[in-house]
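Novice: Here you go, one structure.
Protein chains: 2
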Amino acid sequence: MRCDVVAVGTELLLGQIVDTNSSWLGEQLAAAGIDSCLQVKVGDNQSRIVAALRQVLRDADAVIVCGGLGPTHDDITREAIAEVMGTTLELDDVIADRIARMFASRNRKMSENNLRQAMVPVGAGVIEQVRGTAPGLICPVGDKVVYAVPGVPYELHEMFERAILPDLLARSGEPRRIASRVLRTWGESESGLNERLQPIIDELDRVGNPTLAFLASGWEGIKVRLTARGADESSVAALLDDWVERVRAVVPEVVFGYDGDTMESVVLDLLRARGLTIGVAESVTGGLVAGRLTATPGSSDVVRGGVVAYANEVKFGVLGVPRGPVISEDTARAMALGVCETVGASVGLALTGVAGPAEQEGATVGTLCLAVAMPDRAASSTTVMLPGDRQTMRELAVISALNYLRQLLLCP
Amino acid sequence: MRCDVVAVGTELLLGQIVDTNSSWLGEQLAAAGIDSCLQVKVGDNQSRIVAALRQVLRDADAVIVCGGLGPTHDDITREAIAEVMGTTLELDDVIADRIARMFASRNRKMSENNLRQAMVPVGAGVIEQVRGTAPGLICPVGDKVVYAVPGVPYELHEMFERAILPDLLARSGEPRRIASRVLRTWGESESGLNERLQPIIDELDRVGNPTLAFLASGWEGIKVRLTARGADESSVAALLDDWVERVRAVVPEVVFGYDGDTMESVVLDLLRARGLTIGVAESVTGGLVAGRLTATPGSSDVVRGGVVAYANEVKFGVLGVPRGPVISEDTARAMALGVCETVGASVGLALTGVAGPAEQEGATVGTLCLAVAMPDRAASSTTVMLPGDRQTMRELAVISALNYLRQLLLCP
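Line by line, the protein sequences give chains A and B. Take any residue in the first sequence, count from 1 to its spot, add 1: that is its number in the working numbering. Take any residue in the second sequence, count from 1 to its spot, add 1: that is its number in the working numbering.
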């Protein structure tokens, strides 16, 4: 089974928008065991869209067209598909009615061109719109098929998962249920994970289901995604449960969460479960740790606040750090204890280090001293070396610090 | 003149890497007045690369192929281009020697397959490699041309600017110098800027040089980019100077900088020029303002630090804010004055507001109260309403606060 992609929009060719839709579709298709061999960007030009569709339909079994389904005169994907099908467009009363009611419910006047979105090639099926005003289309072309979806990513994702992927799997004779789970990791490189998981990867290559993929995600860590197919939801879930556990068992110390978990949500949950509050003392990261913790809705029951002690006088004066070298674990521990007092938190997390461009106190760029003060006022500390430029070092410092705290919170 | 793009790499089709190269090229080509009508992603498969090249060469005058120039067996762009040219590959001794010397200078052993990168289609020109080991290629196909560049973005950018764009402009008979300038703006929507600049846009549409483009860039503001072509560097610079000033004169209050300036670098420069230091008191943004100021290398001579006063007790206890409603300009002013005392700064910047998901103290999500305390301890404040979800609101709060400070620092 081969499904290619045509992304429509002059703004994509001009580089005003990066085409992430076809990348996303390629990822989903690969996870479902469907090849995608050609992905094309083309402008809002009917003859070029038609030529691109005819070209990919020569070799592919199916093609997904993204974009060009809006109400304006340059949204011409519908016309192009009708031309490829050798048919015409007709008004679909059900869609027209739904669009009219959507405008009415928002007390907005519907201009006539919105009914363009209710035009459907004769012989095409409709993928009902859930959020936007444009429905998707399933358009047979001989024994092949053209799917059309809006270019708005969340509308596209929803229609792909609800209608296109099941249709593709049915056409390919594959089992119809597909699902993914993600293990969130931090503390091991992608090549290191790859090496440790090689026996599992080899076995999965043999059995072919589920598939495994690594997704390096910067200061979100590295995601290990398992995607399984099966005849029904419960067998897919059971297969995933089994393999998620097998992967976890090989690299247990680097798995910090699953699926929608983030490092900060996991840390906040651990603190909340123990009735603890947190204060953050930051030098090298300048507020990014507190910024990330407070990005989570509902963090205010756990996060008291923090002190950005960028100038050394702030470390000494506000946090009560003894005067001396500041790129040190002693200083980090004093900062962690100090911020507990300052903001009235039960747990303190502190970072001091060198993001560059120049070294400091003889410590090289990338040096990060971390400390955590616990409710009994015992302070732990460690030093790590981080790679990258100033921005990368600071971002990696944030997740490293949160992970260090996470590990300590897990200790009995 | 039409120049299409073929991006080579199975990892692009699998969505493991988003193809930003063709977007970047599309943007550069458009700015230079060159059309790009089709952009294709294809895997590491020789017959498919050859088919894609033949397809785009039917309609385009030129094609840029990105990627597939590495040393491994799946880097087959060279072979594919030779096939399209109807020729063979031969070893280029100059390139081979340069690759060998690069390995020697790094004390690394060169494996034989690195010499694949010195293979050049007979009749092709070479774009010398400056950083990586793979040179680029200029390959005539009849009266058309195929350019090949590495997929590594900074190598691609450098070769495009140094060799490909001048060659394209020479082929098109266009003047050979091209340059861009960017006005950095904040405080007006893209449609608002568009409306106010419409007379200038109309005039530029008529004269065709320079071109103008808007680039919405989230919490970096909206960029207005002018790109000019001309016979020589000084005439291009003069043309840009003239139009940059004409644009600025229409929207003077929203232009905060040019080209490489950022809001934080502009604010830091204004503070530095007046010998001032800054402290930041943050509630709703939880440290992001201090985090962004300290992202700038060399910020430590200006930034003292800050207090993340997320819990109200921290506002009252650490910053000396009088007890009462905290979503208020009174509280913001007290926070700004308080943080000056706490961290020993001459200027204080404070933010308190509601990022959601729920309203607070009767204030709706999006409410942001800002205050600035100046060295004479006079505090100014304002309230703005910001759109978006929690993350968007917090990011827009950061640049709004820095811009408010910037405007006050510019007052006599």
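In this text, a Cβ means the ideal position worked out from N, Cα and C, and glycines have one as well.
1) Output needed for B:T263: all residues of its chain with C-beta closer than 8 Å, excluding positions within five of it in sequence on either side, in chain order.
2) Can you tell me whether B:S112 is buried or exposed, with buried defined as 16 or more other CB within 10 angstroms of its CB?
3) By DSSP, does A:V95 sit in helix, in strand, or in coil?
4) Around the C-beta of A:Q199, are 16 or more other C-beta atoms found within 10 angstroms, so that it is buried, or is it exposed?
5) Which of the three DSSP states, helix, strand or coil, is assigned to B:A351?
6) Where in the stretch 116-140 of chain A do unbroken runs of the beta strand (DSSP E), each at least 3 residues long, occur, reported from the N-terminal end onward?
7) Excluding five sequence neighbours on each side, which residues of the same chain lie with their C-beta closer than 8 Å to the C-beta of A:L58?
8) Measure the beta-carbon distance from B:V308 to A:G306 and round it to whole angstroms, keeping in mind my assumption that it falls under 8 Å.
9) Jot down the residue ranges of each uninterrupted alpha helix (DSSP H) in the stretch 143-191 of chain B, minimum 4 residues, whole runs only, in chain order.
10) By how many angstroms is the C-alpha of A:E162 removed from the C-alpha of B:R132?
11) Identify every residue that forms a DSSP beta bridge with A:F215.
12) Between the beta-carbon of A:V237 and the beta-carbon of A:G231, is there less than 7 Å?
13) Could you list the residues in the stretch 181-210 of chain B with a C-beta less than 7 Å from some C-beta on chain A, going in chain order?
14) Give the residues of chain A in contact with B:Q408, contact being defined as C-beta atoms less than 8 Å apart.
15) Looking only at C-alpha atoms, which of A:F257, A:I100, A:G219, A:G367 sits nearest to A:K110?
16) Note down, in chain order, every chain B residue with its Cβ under 8 Å from the Cβ of A:C38.
17) Give a yes or no on whether 7 Å exceeds the smallest Cβ distance from A:A333 to chain B.
18) Residues of the stretch 366-397 of chain B in Cβ contact with chain A at a cutoff of 8 Å, in chain order, please.
19) So what's B:V51 in DSSP terms, helix, strand or just coil?
20) Does any residue of chain A have a CB that is nearer than 7 Å to the CB of B:V150?
21) In its own chain, which residues sit with a C-beta less than 6 Å from the C-beta of B:A214, not counting the 5 before and 5 after it?
22) For A:I139 and A:R79, what's the separation of their Cα atoms in angstroms?
23) Tell me the DSSP secondary structure of B:K110 in three-state form.
24) Starting from A:S382, trace the beta strand (DSSP E) in both directions and tell me its first and last residue.
25) Where does B:M386 land, buried or exposed, given buried means 16+ other C-beta within 10 angstroms?
26) Listed in chain order, which residues of the stretch 311-333 of chain A have Cβ atoms closer than 8 Å to some Cβ of chain B?
27) Can you check the stretch 228-260 of chain B for any beta strand (DSSP E) of at least 3 residues that lies completely inside it and give the ranges in chain order?
28) Smallest Cα separation from B:S48: which of B:S23, B:D62, B:D75, B:S37?
29) So that I know if they touch, is there some Cβ in chain B lying closer than 7 Å to that of A:A291?
30) Kindly say whether A:S24, judged by its beta-carbon, lies nearer than 7 Å to any beta-carbon of chain B.
31) Rounded to a whole number of angstroms, what is the C-alpha to C-alpha distance between B:L116 and A:A337?
32) In the DSSP assignment, find the unbroken beta strand (DSSP E) run with A:V304 in it and report its ends.
33) Can you pull out the residues from the stretch 151-172 of chain B whose beta carbon lies closer than 8 Å to at least one beta carbon of chain A?
34) Give the list of continuous beta strand (DSSP E) stretches no shorter than 3 residues that lie fully inside the stretch 259-287 of chain B.
35) Of the choices A:D260, A:S347, A:L352, whose alpha-carbon is the least far from that of A:L272?
36) Judging by CA-CA distance, which residue of B:V9, B:E129, B:T134, B:G299 is the nearest neighbour of B:R107?
Specialist: The structure says:
1) These residues qualify, in order along the chain: R185, E221, T297.
2) With fewer than 16 Cβ atoms within 10 Å of its Cβ, B:S112 is classed as exposed.
3) Collapsing the DSSP output to three states places A:V95 in a helix.
4) exposed
5) Looking at B:A351 - three-state DSSP - the assignment turns out to be strand.
6) 120-122, 126-128
7) V64, V85, V142, K145, V147
8) Sure, about 7 Å apart at Cβ, within 8 Å.
9) 154-160, 166-173
10) 43 Å
11) A:V225
12) yes
13) Listed in sequence order: no entries.
14) Using a Cβ-Cβ cut-off of 8 Å, B:Q408 is close to nothing in chain A; its nearest Cβ partner there is about 23 Å away.
15) A:I100
16) Per Cβ cutoff of 8 Å: L14, V43, G44, N46, R49.
17) no
18) R391, Q392, R395
19) helix
20) Residue-level contact check: B:V150 does not touch chain A, since none of the beta carbons of chain A fall below 7 Å from its beta carbon.
21) R226
22) 11 Å
23) coil
24) 380-386
25) exposed
26) Cβ contacts with chain B: Y311, A312, E314, V315, G318, V319.
27) 256-259
28) B:D75
29) yes
30) Interface residue, yes.
31) If you draw a straight line from the Cα of B:L116 to the Cα of A:A337, it comes to about 55 Å.
32) Its beta strand (DSSP E) spans residues 304-309.
33) none
34) You should have 279-283.
35) A:S347
36) Taking each of B:V9, B:E129, B:T134, B:G299 in turn and checking the Cα distance to B:R107, the smallest one comes out for B:T134.
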